[in-house]
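Under this note's numbering, the sequence shown is numbered contiguously, ending at residue 373. A virtual CB, placed ideally from N, CA and C, is assigned to each residue, including glycine. The next block holds one structure in the form of structure tokens; read it before the comments.
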Amino acid sequence: MGLGDITADAVHAAMAEHDRMGMAEFCERYGFDLSRNYVITDGGQRRGTRVIAAAAHGHLPGRSALKPLEVADDALVNQTLEGLQFKVKKLSPPTWSRDELILACSQLFSNDRVAQRVNDPAVQELAAFLRRLPIHAQQDRGLNFRSVSSVQRKLFDLMTRLPGYTGKKTRGGAQDQVIVGEFLADEAEMHRLAAEIRAAHDAKAWAVFTANVPGSSYVHDGAAGNPEQLREGHVIVLYDDENVLGFGRISRIERNTDVTAQAKHVLHYGGTWRPLDGAIGIDDLDEACTREASPDGIRALDAGKLEAMLARIAVPLSSQEAETRAVAKIEAMRRIVIARRLPLAARVGRLPRADVVKPRRWSATDRAGSGRT
């Protein structure tokens, strides 16, 4: 049993299931992330070849879907699908964004305007950082997205745009010359912009004291400390006087902008919450903190040390993309529940939207009949 068993009908069934469920839910069902190196372009849509092949096997009578490792060989998967007369296309990486080019050009100018190669640690670090940026959706990143070789190539693209360069220009992109020109005009300002980009996207984690039992959100008193330090995508670790309670990634922040009232900011993380129940000690957490607590009980954490602590107890710090999918799934379920509570007229648009319909008020008679108190 394996790739060689799948049929064209099974592939068509898998593609129909993909289109019906949507890519994110479909990939989650079969244990895949959203990354795709190759796609099936049948019907004008792009579907990842590996997840489609895995799901297709589950559409065979008496068979189950293949695991990601069983379809890890792109060449074999593509050969199988093409043998069934499906058109397979390589998904090329997206065009470099302005922010990515600023970071690359900053690296070039920091190295005396000389491009570095793949074995240079600076190129390896830059490639890893570019892959962490949320600029390009995971499903659109394609084959070898911002690999060390692609970063080396871009550094040479930028170097060959410098005035006085006498060698042959590389092909590069339309914006390469523009960014090089901006660095030549004001190098200090462009390095400052590069530093801002890095600061905005560096991994952030915070240790947050709480006296309450963790739920799906944390209420932060914005009147103390600096509420702007907390942003969507940051990881928060909640602890009390005795234990590290758990951690989650902030998916949404409700900021109170009313300066006349006591400022309260609600940090939502419910879909990503992972309880720890004291598996990490307070002393270990203290060692991972980078500075003393602010007046609001929030301390900056070294994200690398946090990840290492979690690895020691076999708890992964999942990617922001994976946790975003989890939050989206919970929100979709919430909308379904709300919709089912509405009369039919509201569902077709003759009553107010679901998100503004007031909850039912229970009368004393209702409570008595239903057992509610």
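Could you tell me the alpha carbon to alpha carbon distance between Leu317 and Ser106, rounded to whole angstroms?
It is roughly 30 Å from the alpha-carbon of Leu317 to the alpha-carbon of Ser106.
Less than 8 Å between CB atoms is the rule here; does Gln138 satisfy it with respect to chain B?
Checking the listed chains, one finds no chain B in this structure; it contains a single protein chain.
Indicate the three-state DSSP secondary structure (helix, strand or coil) for Lys305 in the structure shown.
If DSSP states are grouped into helix, strand and coil, Lys305 belongs with the helices.
Assign Ala14 to one of three DSSP states: helix, strand, or coil.
Looking at Ala14 - three-state DSSP - the assignment turns out to be helix.
Considering Leu143, what are the terminal residues of the beta strand (DSSP E) in which it resides?
Premise fails: Leu143 is in no beta strand (DSSP E) and is neither H nor E.
Answer yes or no: do Val66 and Ala75 have a C-beta to C-beta separation smaller than 8 Å?
In the sequence on display, residue 66 carries Leu and not Val. For Leu66 and Ala75, no; Cβs fall outside 8 Å.
How many angstroms separate the CA atom of Ile6 from the CA atom of Gly58?
One C-alpha to the other measures close to 9 Å.
Run through the DSSP bridge pairs and tell me what His136 is partnered with.
For His136, which the question treats as bridged, DSSP gives no partner whatsoever.
Whole angstroms are fine: how far does the CA of Arg198 sit from the CA of Gln124?
If you take the alpha carbons of Gln124 and Arg198, they lie about 15 Å apart.
Beta strand (DSSP E) runs contained entirely in the stretch 38–91, provided each spans 3 or more residues
Unbroken beta strand (DSSP E) runs of no fewer than 3 residues, entirely contained in the stretch 38–91, are found at 38–40 and 88–90, following chain order.
Runs of beta strand (DSSP E) wholly within the stretch 185–235 (minimum 3 residues, chain order)
Listed in chain order, they are 205–209 and 217–221.
Using beta-carbon positions only, say whether Leu91 and Arg36 come within less than 8 Å of one another.
Yes, these two residues count as a Cβ contact at 8 Å.
Kindly indicate which three-state DSSP category Ser149 falls into: helix, strand or coil?
Look at Ser149 here: in three-state DSSP terms it is helix.
Measure the beta-carbon distance from Val88 to Ile52 and round it to whole angstroms, keeping in mind my assumption that it falls under 8 Å.
About 10 Å separates the two Cβ atoms, so there is no contact after all.
Distance, Cα to Cα, Asp286 vs Val244?
Their backbone Cα atoms lie some 11 Å apart in a straight line.
Assigned secondary structure, Glu242 (DSSP; H/G/I helix, E/B strand, else coil):
In the three-state reduction of the DSSP assignment, Glu242 falls in the coil class, being assigned neither a helical nor a strand state.
Selection from Gly48, Pro61 and Ala104 that minimises the alpha carbon distance to Ala68:
As written in the sequence, residue 68 is Pro, which differs from the Ala given in the question. Of all alpha-carbon atoms in Gly48, Pro61 and Ala104, the one lying nearest the alpha-carbon of Pro68 is that of Gly48.
Tyr269 beta carbon less than 8 Å from that of Arg299:
Judged by their CB atoms, Arg299 and Tyr269 are not nearer to each other than the 8 Å cut-off.
Could you tell me which residues DSSP puts in a beta bridge with Phe247?
Under DSSP, Phe247 takes part in a beta bridge, and its partners are Val237 and Arg274.
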